[in-house]
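Below you'll find the structure, written out as structure tokens, and then a few comments.
Residue numbers (this note's numbering): 1297 to 1426.
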């Protein structure tokens, strides 16, 4: 079982958050949610997290700032970046944050497949929503 952190301001709505939690739990993983980047960092300092889904644009602290904090703290956690922005913009945010790896699409339904490959080194998995 992987513990997955999903940080997205859209998850502030109970209905949306509960739907995502049920979907991830159905495939045997635990989902923890955060409504902004600052909340995500607090959770990352308190919990053992295996995989992070991180929205680029959130209130308080956005995804790129969270990436910079993760790097400065030496935390090696796989991250899937999510955004409605064009992929080249998201790629720039990630690279400006000091990360290099770009693969895949942002789809929480793929969390099970990603969790199965957590042992592979990949500091950041980047994608943008269409």
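Beta carbons: idealized from backbone N, C-alpha and C, even for Gly. It should be emphasised that the depicted structure is a prediction, and the values quoted were computed from it without experimental measurement.
If residue 1336 and residue 1301 are in contact, beta carbons under 8 Å, what's the gap, nearest whole angstrom? That pair is a contact at about 6 Å.
For residue 1305, which of helix, strand or coil comes out of DSSP? helix
Take residue 1326 as the anchor and find which of 1316, 1341, 1359, 1354 has the nearest alpha-carbon. 1316
Using the three-state DSSP reduction, which class does residue 1345 fall into: helix, strand or coil? coil
Find out if the Cβ-Cβ distance for the pair residue 1303, residue 1349 is shorter than 8 Å. yes
Relative to the C-alpha of residue 1387, which candidate in 1343, 1328, 1373, 1363 has its C-alpha closest? Among 1343, 1328, 1373, 1363, the Cα nearest to that of residue 1387 belongs to 1363.
What three-state label does DSSP hand residue 1299 in the structure shown? strand
In the DSSP assignment, what are the bridge partners of residue 1350? 1303, 1377
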